[in-house]
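Colleague:
In mature numbering (1 follows the signal peptide of the UniProt record, and there is no 0), the protein residues as written are -18 to -1, 1 to 271.
(1) Please work out which residues of its chain come closer than 7 Å, Cβ to Cβ, to residue 35, disregarding the five sequence neighbours upstream and downstream, and give them in chain order.
(2) Is residue 172 buried or exposed, if buried means 16 or more other CB atoms sit within 10 Å of its CB?
(3) What alpha helix (DSSP H) runs, 4 residues minimum, are completely inside the segment 150 to 209?
(4) Ends of the alpha helix (DSSP H) at residue 240?
(5) Tell me, please, whether the segment 232 to 247 touches the segment 54 to 69 by the rule of three or more beta-carbon pairs shorter than 8 Å.
(6) When you compare only the Cα positions, how much space is there between residue 220 and residue 104?
(7) What whole-angstrom Cβ distance do residue 164 and residue -5 have, given they're in contact under 8 Å?
(8) How long is the line joining the alpha carbons of residue 196 and residue 243, rounded to whole angstroms?
(9) Helix or strand or just coil, what does DSSP make of residue 107?
(10) Please classify residue 110 as buried or exposed, where buried requires at least 16 other C-beta atoms within 10 Å of its C-beta.
(11) Do residue 191 and residue 160 have their CB atoms nearer than 8 Å?
(12) Mind reading off the beta-carbon distance from residue 158 to residue 226? Whole number of angstroms is fine, and I expect it under 8 Å.
(13) Return the residue from the list 209, 206, 212 and 154 that minimises the CA-CA distance to residue 222.
(14) May I ask which residues mark the beginning and end of the alpha helix (DSSP H) holding residue -13?
(15) Sorted by chain position, which residues of the same chain lie with C-beta nearer than 7 Å to residue 69's C-beta, five sequence neighbours on each side aside?
(16) In whole angstroms, what separates the C-alpha of residue 12 from that of residue 170?
(17) Grab the span of the alpha helix (DSSP H) containing residue 137 for me, first residue to last.
(18) Taking all protein chains shown into account, do 16 or more other C-beta atoms lie within 10 angstroms of the C-beta of residue 85, making it buried, or fewer, making it exposed?
(19) Which of the three DSSP states, helix, strand or coil, is assigned to residue 234?
(20) Among 198, 42 and 51, whose alpha-carbon lies nearest the alpha-carbon of residue 137?
(21) At what residues does the alpha helix (DSSP H) containing residue 35 begin and finish?
(22) Taking only the alpha-carbon atoms, compute the straight-line gap between residue 229 and residue 79 and give it to the nearest angstrom.
(23) Could you tell me whether the Cβ atoms of residue 67 and residue 41 are closer together than 8 Å?
(24) Ignore the nearest five residues each way along the sequence and tell me which others in residue 210's own chain have a CB closer than 6 Å to its CB.
(25) In the DSSP assignment, find the unbroken alpha helix (DSSP H) run with residue 68 in it and report its ends.
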């Protein structure tokens, strides 16, 4: 039952994140090009009702994600968030009052069935809550380094697909780190209570990394279309989170012949995510007006 509830809250997180992404994209399309990656970008966005609505939804998503991570493992919760991509497309179509084409439905079903198959075969389990200081240092330095590389590569580029994908990749790593720290913080809350939760560095760490990931995502939304930013965000967050779950918490997935259905499911998910950008998502984005 805890695993089922964890999966349900993870699915709610994906829906909320998708809604927040669409609202952020509506706001980002009104940002002047010269305001990218600066305080002016934030100043512009905080005056946008769409962006503020997106933030409110994302806060709700964070609460659902915290509940999901409290009930289940990082390796179970984070892969479910790949459904954020088809949900984003569906919600963008709803906002713009357009119908999702057959290719979009087919790709969405590929993602859903592939994810179900991969998770059923992998059966993520195990893990521990104690993480050494050395492991935290390795985790923080490696993720911060990878995010820095993506940002440095993105900044000189003009607005377009490559810049959006690089900012989105940096955001994906940031969100994966946020989930990793959030999982530790929720364990502290459950085991030691509210006082320990509010005095632990992990709590302030996931707030800081989440804020940075959100800022990077805003730049990805401003830099290019959803077809460039959303696949990188969705796949990147799932893959980095899975790796961190195994590295930091020692979580396990089934191996042996189970690798066959796991691989088939992973291919289906990847195929669906690669098809979705070809569904002309950009023309279906809701207007900022």
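We put the CB at the ideal spot given by N, CA and C, even for glycine.
Modeller: Taking the coordinates as given:
(1) Taken in chain order, the residues that qualify are 5.
(2) exposed
(3) 176 to 181 and 183 to 205
(4) DSSP places residue 240 in no alpha helix (DSSP H); its state is neither H nor E.
(5) yes
(6) 14 Å
(7) Contact doesn't hold; Cβ gap of about 16 Å is too wide.
(8) Linking residue 196 to residue 243 through their CA atoms gives a straight-line distance of about 34 Å.
(9) strand
(10) exposed
(11) yes
(12) 6 Å
(13) 154
(14) -17 to 10
(15) -5, -4 and -1
(16) 41 Å
(17) Element bounds for residue 137: n/a, residue is neither H nor E.
(18) exposed
(19) strand
(20) 198
(21) 31 to 53
(22) Using only the alpha carbons, I get a separation of about 44 Å.
(23) no
(24) 143, 146 and 147
(25) 66 to 77
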